[in-house]
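Peer 1: In terms of our numbering, the sequence shown opens at residue 2 and continues consecutively.
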Amino acid sequence: MIKPSLLIATIALATACSSTGSSEAVSVTSRTENTVGITEGQPMATADLGISGMTCEMMCGGMIKSALVKVPGVEKTEIVFHEGDKVGHAKVTYDPAKVDDTKFVETVQALADGQYKVESIAVVKQVKSEKQAECKPAGDSPGNGTCASLLPEVPMPSLVAMLLSLIRA
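What follows is the structure, given as structure tokens:
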């Protein structure tokens, strides 16, 4: 015989991510895209999807994560959800040669009869670059620090040489 508390908990979990929205496809409110140059490796991209309609990280986030991981070209997915936030986040690392971020919007918004809506997308794409910016390490730990702009280096005249040439003239 099933205990009443176990039955209630099972029903609560099953209905926690039930449909409350419509199944109509809605456009994304905001989309940003940045490009970063790399010199080695396969260019990848990351998309940070701001998703409304999530009520929990375990059920809702798990459903979104498992659906996004199944999309061909996706390398990994991470769900970031904090109780009380109106928007949760799915961070997706993918191969831009195999999949476009519009597929992620379609995948998320098709779940749970349209309960989830992608409000925003922030995409960072890596591109092959012949020369990468020089990074200055912060402290003793490698990999931490700041990098200069990826703009090409332009030779600048020496300020001292310019001043000396003005004085001689």
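All C-beta atoms, glycine included, are put in the ideal place defined by N, C-alpha and C.
Rounded to whole angstroms, what is the Cα-Cα separation between Asp-102 and Ile-122?
Peer 2: For Asp-102 and Ile-122, the distance between alpha carbons rounds to 8 Å.
Peer 1: Near Gly-74, what residues of its chain come up, given a Cβ to Cβ distance below 6 Å and the 5 sequence neighbours on each side ignored?
Peer 2: Counting only Cβ-Cβ distances below 6 Å, and skipping sequence neighbours, we find Tyr-95, Asp-96, Lys-99, Val-100.
Peer 1: Could you spell out the range, first to last residue, of the alpha helix (DSSP H) harbouring Leu-69?
Peer 2: Start and end: 63 to 70.
Peer 1: Roughly how many angstroms lie between the CA atoms of Lys-118 and Gln-127, to the nearest whole one?
Peer 2: Whole-angstrom Cα-Cα distance: 26 Å.
Peer 1: To the nearest angstrom, how far is the alpha carbon of Met-64 from that of Leu-112?
Peer 2: Approximately 8 Å, taken between the alpha carbons.
Peer 1: Which value, in whole angstroms, describes the spacing of the CA atoms of Gly-50 and Leu-167?
Peer 2: For the sequence presented, residue 50 should be read as Leu rather than Gly. Computed Cα separation, rounded: 56 Å.
Peer 1: Give a yes or no on whether the C-beta atoms belonging to Ile-80 and Ala-91 are separated by under 7 Å.
Peer 2: Closer than 7 Å, so yes.
Peer 1: Is the separation between the beta-carbon of Glu-58 and that of Phe-82 shorter than 7 Å?
Peer 2: Against a cut-off of 7 Å, the Cβ pair of Phe-82 and Glu-58 comes out as a contact.
Peer 1: Cutting at 7 Å between CB atoms, please list the residues of its own chain near Ser-130, excluding the five before and the five after it.
Peer 2: The answer, listed in chain order, is Gly-38, Ile-39, Thr-40, Leu-151.
Peer 1: Hey, out of Phe-105, Ser-31, Thr-56, whose CA is closest to Glu-84's CA?
Peer 2: When only C-alpha atoms are compared, the closest one is Thr-56.
Peer 1: Can you give me the C-alpha to C-alpha distance between Val-70 and Gln-110, rounded to a whole angstrom?
Peer 2: Looking at the two C-alpha atoms, the distance is approximately 15 Å.
Peer 1: Assuming the contact rule is C-beta atoms closer than 8 Å, Gly-42 and Gly-62 should be a hit. Round their C-beta distance to whole Å, please.
Peer 2: 29 Å between Cβ atoms; not a contact.
Peer 1: For Ala-162, is the classification buried or exposed, using 16 other Cβ atoms within 10 angstroms of its Cβ as the cut-off for buried?
Peer 2: By the 10 Å Cβ count, Ala-162 comes out exposed.
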